[in-house]
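Okay, structure first, notes after.
2 protein chains.
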Amino acid sequence: MKKAKKNSIKGIAEKLNISVTTVSFVLNGKAKEKKISDEMIEKVLAYVKEINYKPNQLAQSLRTGKSKIIVFMVEDISNYFFASIARKIEDIAYEKGYKVLFCSNENKDAKSRELINLFKDRQVDGYIINPSPGIKNDIEELIEQDIPVVLFDRYFPDLETNYVGINNEEASYKATLHLIENGFKKIGFITINTGQTQMLDRKKGYQKAVNENNMPEKVLEIDFEAGNYLQQKELIRNYILNQDLDAIYFSTNYLTQSGLEVFKENSPELIDKFGILTFDDHDFFKIHTPTISAIAQPKNEMASQLMNQMLSLLKKESGSKDDKKQIILESSLHPRNSTIRK
Amino acid sequence: MKKAKKNSIKGIAEKLNISVTTVSFVLNGKAKEKKISDEMIEKVLAYVKEINYKPNQLAQSLRTGKSKIIVFMVEDISNYFFASIARKIEDIAYEKGYKVLFCSNENKDAKSRELINLFKDRQVDGYIINPSPGIKNDIEELIEQDIPVVLFDRYFPDLETNYVGINNEEASYKATLHLIENGFKKIGFITINTGQTQMLDRKKGYQKAVNENNMPEKVLEIDFEAGNYLQQKELIRNYILNQDLDAIYFSTNYLTQSGLEVFKENSPELIDKFGILTFDDHDFFKIHTPTISAIAQPKNEMASQLMNQMLSLLKKESGSKDDKKQIILESSLHPRNSTIRK
DNA sequence: GACAAACACTAAACCGTTTTAGTTTTACAA
DNA sequence: TTGTAAAACTAAAACGGTTTAGTGTTTGTC
Numbered sequence: 000m001k002k003a004k005k006n007s008i009k010g011i012a013e014k015l016n017i018s019v020t021t022v023s024f025v026l027n028g029k030a031k032e033k034k035i036s037d038e039m040i041e042k043v044l045a046y047v048k049e050i051n052y053k054p055n056q057l058a059q060s061l062r063t064g065k066s067k068i069i070v071f072m073v074e075d076i077s078n079y080f081f082a083s084i085a086r087k088i089e090d091i092a093y094e095k096g097y098k099v100l101f102c103s104n105e106n107k108d109a110k111s112r113e114l115i116n117l118f119k120d121r122q123v124d125g126y127i128i129n130p131s132p133g134i135k136n137d138i139e140e141l142i143e144q145d146i147p148v149v150l151f152d153r154y155f156p157d158l159e160t161n162y163v164g165i166n167n168e169e170a171s172y173k174a175t176l177h178l179i180e181n182g183f184k185k186i187g188f189i190t191i192n193t194g195q196t197q198m199l200d201r202k203k204g205y206q207k208a209v210n211e212n213n214m215p216e217k218v219l220e221i222d223f224e225a226g227n228y229l230q231q232k233e234l235i236r237n238y239i240l241n242q243d244l245d246a247i248y249f250s251t252n253y254l255t256q257s258g259l260e261v262f263k264e265n266s267p268e269l270i271d272k273f274g275i276l277t278f279d280d281h282d283f284f285k286i287h288t289p290t291i292s293a294i295a296q297p298k299n300e301m302a303s304q305l306m307n308q309m310l311s312l313l314k315k316e317s318g319s320k321d322d323k324k325q326i327i328l329e330s331s332l333h334p335r336n337s338t339i340r341k
Numbered sequence: 000m001k002k003a004k005k006n007s008i009k010g011i012a013e014k015l016n017i018s019v020t021t022v023s024f025v026l027n028g029k030a031k032e033k034k035i036s037d038e039m040i041e042k043v044l045a046y047v048k049e050i051n052y053k054p055n056q057l058a059q060s061l062r063t064g065k066s067k068i069i070v071f072m073v074e075d076i077s078n079y080f081f082a083s084i085a086r087k088i089e090d091i092a093y094e095k096g097y098k099v100l101f102c103s104n105e106n107k108d109a110k111s112r113e114l115i116n117l118f119k120d121r122q123v124d125g126y127i128i129n130p131s132p133g134i135k136n137d138i139e140e141l142i143e144q145d146i147p148v149v150l151f152d153r154y155f156p157d158l159e160t161n162y163v164g165i166n167n168e169e170a171s172y173k174a175t176l177h178l179i180e181n182g183f184k185k186i187g188f189i190t191i192n193t194g195q196t197q198m199l200d201r202k203k204g205y206q207k208a209v210n211e212n213n214m215p216e217k218v219l220e221i222d223f224e225a226g227n228y229l230q231q232k233e234l235i236r237n238y239i240l241n242q243d244l245d246a247i248y249f250s251t252n253y254l255t256q257s258g259l260e261v262f263k264e265n266s267p268e269l270i271d272k273f274g275i276l277t278f279d280d281h282d283f284f285k286i287h288t289p290t291i292s293a294i295a296q297p298k299n300e301m302a303s304q305l306m307n308q309m310l311s312l313l314k315k316e317s318g319s320k321d322d323k324k325q326i327i328l329e330s331s332l333h334p335r336n337s338t339i340r341k
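Chains A and B are the protein sequences, given in the same order. Numbered by numbering that gives the first Met the number 0, the letters in the first sequence go through residues 0 to 341 in order. Numbered by numbering that gives the first Met the number 0, the letters in the second sequence go through residues 0 to 341 in order.
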């Protein structure tokens with residue numbers, strides 16, 4: 000007769016001269032329910048502790064169909080905004096016994112699909128996704144297959160999903176008003192043309208504010224696909240230098256970075272001629288000269304809400320028709336020297 | 000007779016009226032070796048494609064003992080330095096069919112152990128670790144158990160491991176010389192007291208340079224464990240304001256951030272009285288006023304080398320006594336306005 | 001025409017769990 | 001003494017693959 004590996008249920012059963020079933024029941028806390036005697040429970044638990052037994056999670060997953068792994072897919076995991084959320088997600092997930100696979104889709108559909116396909120049929124329990132523009136159908140498929148999905152930061156208007164985000168239009172509207180209140184009259188808005196909700200909403204907010212105040216709409220919409228980082232920067236440079244503007248409002252963090260580089264490269268004083276405002280805050284904006292006013296998203300709160308939703312989806316029976324929840328969090332405006340000139 | 004699930008090897012075998020063994024051989028590219036006929040290969044492959052079959056990786060892993068998952072454990076995944084490396088690791092890993100579990104140990108031993116224990120006996124194929132100060136034994140155990148481990152950024156002097164890093168002492172020495180060459184004579188060095196190699200080496204490099212030039216050693220060593228972020232910042236503030244210094248050299252990025260905040264908070268011109276140098280580069284240093292001189296570690300190269308080593312360890316037979324490789328990469332100094340005053 | 005080698009394929013064990021559908025033992029009532 | 005219910009435990013199937021140790025069929029050689 001073959002000796003079973005010690006560190007397995009079989010090994011335990013053999014050693015204690017009982018069946019694997021009993022061991023399994025005890026380990027899964029079903030002892031009472033399955034009428035295992037107290038002495039037996041004691042015996043098993045003691046031995047398990049003695050050999051420091053840990054169940055093989057692969058076997059467990061294979062049998063139960065649950066891998067205890069969730070995917071966290073974002074545009075770019077090295078981006079501070081996403082990395083911060085990832086950090087928090089990680090904490091919550093590990094605490095709840097889940098592991099997290101992080102991945103970056105570069106906001107490209109092909110990459111998103113490739114990744115989703117990689118994980119699909121691969122026993123991943125759920126997805127937290129920052130979706131690229133054209134993967135609505137793929138997301139839809141996941142949902143139809145009853146796989147837990149939570150989107151964040153951006154969504155698909157005609158697809159009902161679980162979602163966590165902020166009210167981009169309102170935040171943007173208020174931020175633009177802030178510029179206007181501080182005397183800026185020719186406000187340029189620099190954004191990208193991915194057509195994604197978060198960007199569209201930010202533009203809408205900007206437009207609403209300038210229109211209401213009879214100011215011109217001055218939008219630079221950069222083609223996301225075309226050109227590299229440097230080429231995009233030249234577009235921004237050209238826009239800043241040649242349009243007649245007194246303030247610039249960047250719709251997202253990496254555009255801000257390009258923009259600030261432009262100012263720095265051209266002349267130290269140039270930036271003081273403009274009001275500067277950006278979506279997404281960063282610690283460095285507090286030490287930049289001038290300090291940069293920013294709209295901050297509640298990163299920690301987003302992470303908590305994302306995991307909240309994910310965990311409750313994971314708990315649900317796979318058949319139960321659930322109503323999808325959209326959670327809209329409050330953003331906050333941090334006015335700094337770049338918009339408040341003394 | 001029970002119908003096997005279609006999307007399984009069994010289902011395929013049933014449908015094609017052949018054995019699962021044959022299907023498995025074909026799918027694993029062992030067809031030739033196992034003398035499967037070309038028509039059979041054709042038949043299987045065609046059907047597999049038709050139903051878009053993907054093997055269940057859990058089952059595969061359970062049988063083979065390989066999970067195709069590696070752990071990437073760093074101090075803080077939201078830190079730009081680590082996040083950038085993570086991004087690159089991710090790319091290489093997915094390309095090679097591996098998935099990556101990211102986690103942060105906060106440079107604390109308890110957290111490191113907790114995480115390692117979580118993964119140990121849990122079928123993780125390998126670890127890339129940025130180790131906290133006191134987990135030498137845990138690392139040693141992993142290695143003894145023939146589990147692939149690659150350390151980076153810091154190591155344990157008396158434990159031979161696979162490792163990727165830079166020559167911190169030399170980089171620091173050169174950087175300090177750069178300060179000296181630019182006329183700074185009272186150079187303060189701000190670091191933390193974790194006792195880890197990367198920090199010790201950076202201090203050594205600094206000390207060597209100032210000693211060789213008959214300048215005073217002025218080191219502020221902050222207690223890593225004690226106090227929160229704000230309290231540490233006050234220590235830095237006190238040091239900058241009250242020591243008689245003409246240059247400050249920060250040994251790592253988050254100290255730099257605190258330091259720059261101190262300058263900003265105290266007075267706009269204060270920073271111009273000092274030469275500023277930092278370990279670890281960041282895009283924002285190029286737009287800071289003044290631009291900040293920095294020692295840049297080759298993040299992409301580090302990531303590639305880490306994965307290189309990891310992949311070759313994973314390929315090795317678990318018995319084969321391998322010589323552990325230490326890879327030391329070149330760092331580069333980026334002199335900017337904070338050390339070069341016109 | 002016998003025999004070995006090469007060829008083409010397969011049955012069944014195995015990985016380590018969970019879970020269903022039991023069986024055996026004990027306790028108690030009639 | 002028998003019957004029944006509860007208590008305590010277990011055998012075996014299942015999850016979906018991989019792999020070992022085959023089996024039966026051709027082919028080639030003398």
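No residue lacks a Cβ here, since even glycine has one placed at the ideal position from N, Cα and C.
If the five residues before and after Ile339 of chain B are omitted, its C-beta is found closer than 8 Å to the C-beta atoms of Asn181, Ser292, all from its own chain and listed in chain order.
Using a CB distance cut-off of 9 Å, Lys217 of chain B does not count as an interface residue toward chain A. Around the CB of Ser250 of chain A, 16 or more other CB atoms lie within 10 Å, so the residue is classed as buried. Of the candidates B:Gly258, B:Asn161, B:Ala225, B:Phe278, B:Phe278 places its Cα closest to the Cα of Tyr205 of chain B. Secondary-structure assignment with DSSP links His333 of chain B through a beta bridge to B:Ala293. Taking C-beta atoms as the reference points, Tyr248 of chain A and Ile189 of chain A count as a pair closer than 9 Å. Sequence-distant Cβ neighbours of Leu114 of chain B in its own chain, meaning closer than 7 Å and more than five residues away, are Met72, Cys102, Asn104. Val19 of chain B is outside the set of residues whose beta carbon lies under 9 Å from a beta carbon in chain A. Scanning chain A for C-beta atoms nearer than 9 Å to the C-beta of Leu100 of chain B yields Ile68, Lys98, Val99, Leu100, Phe101, reported in chain order. Taking a Cβ-Cβ threshold of 8 Å, the residues of chain B close to His287 of chain A are Phe283, Ile286, His287, Thr288, in chain order. A direct Cα-Cα distance of roughly 47 Å separates Gly258 of chain B from Leu57 of chain A.
Residue contact check for Gln56 of chain B against chain A: a CB pair falls below 9 Å.
Within the model, the alpha-carbon separation for Asp245 of chain B versus Glu268 of chain B is close to 14 Å.
Leu240 of chain B counts as exposed, since fewer than 16 other beta carbons sit within 10 angstroms of its beta carbon. When C-alpha distances from Arg153 of chain A are compared across A:Gln195, A:Thr255, A:Phe223, A:Glu211, the shortest belongs to A:Gln195. In the three-state scheme derived from DSSP, where H, G and I count as helix and E and B as strand, Tyr253 of chain A is classed as helix. By the C-beta density criterion, Gln325 of chain B is exposed, having fewer than 16 other C-beta atoms within 10 angstroms.
In the three-state reduction of the DSSP assignment, Gly258 of chain A falls in the helix class, which pools H, G and I. Secondary structure note for Met214 of chain A: it is in no alpha helix (DSSP H), with a DSSP letter that is neither H nor E.
In the structure shown, the three-state DSSP call for Ile235 of chain A is helix. In this structure, Ile76 of chain B sits near Ala82 of chain B, with a CB-CB distance shorter than 9 Å. Annotation for Pro215 of chain B: Lys185, Val209 place their beta carbon closer than 8 Å to its own, counting only its chain and skipping 5 residues before and after. In chain order, Asp75, Ile76, Ser77, Ser103 make up the part of chain A whose C-beta sits under 8 Å from the C-beta of Arg86 of chain B.
Cβ atoms of Val22 of chain B and Ile8 of chain B come within 8 Å of each other, at about 5 Å. At a cut-off of 9 Å between beta carbons, Leu114 of chain A contacts chain B.
In its chain, beyond the 5 residues on either side, Lys9, Gly10, Glu13 have a beta carbon closer than 7 Å to the beta carbon of Ala3 of chain B.
Around Ile35 of chain B, the same chain offers Thr21, Phe24, Val25 as residues with beta carbons nearer than 7 Å, after the five sequence neighbours per side are excluded.
Fewer than three Cβ pairs drawn from the segment 225–237 of chain A and the segment 163–182 of chain A lie within less than 8 Å of each other, which leaves the two stretches out of contact. By the rule that beta-carbons nearer than 9 Å mark a contact, Ala12 of chain B does not touch chain A. Put simply, the CB of Asn6 of chain B is near chain A, with a gap under 9 Å to one of its CB atoms. Rounded to whole angstroms, the gap between the alpha carbons of Thr193 of chain B and Val148 of chain B is 22 Å. By the neighbour-count definition (other C-beta atoms within 10 Å, threshold 16), Gly28 of chain B is an exposed residue. Residues of chain B whose Cβ lies closer than 7 Å to the Cβ of Leu259 of chain A are, in chain order, Ile286. Excluding its 5 nearest sequence neighbours in each direction, Asn129 of chain B has C-beta neighbours in its own chain below 8 Å: Met72, Val73, Glu74, Phe81, Asn104, Leu150, Phe151, Asp152, Arg153, listed in chain order.
Contact annotation: Lys48 of chain B and Leu15 of chain B have beta-carbon atoms that are not nearer than 9 Å. The Cβ atoms of Leu100 of chain B and Lys119 of chain B lie no closer than 9 Å to each other.
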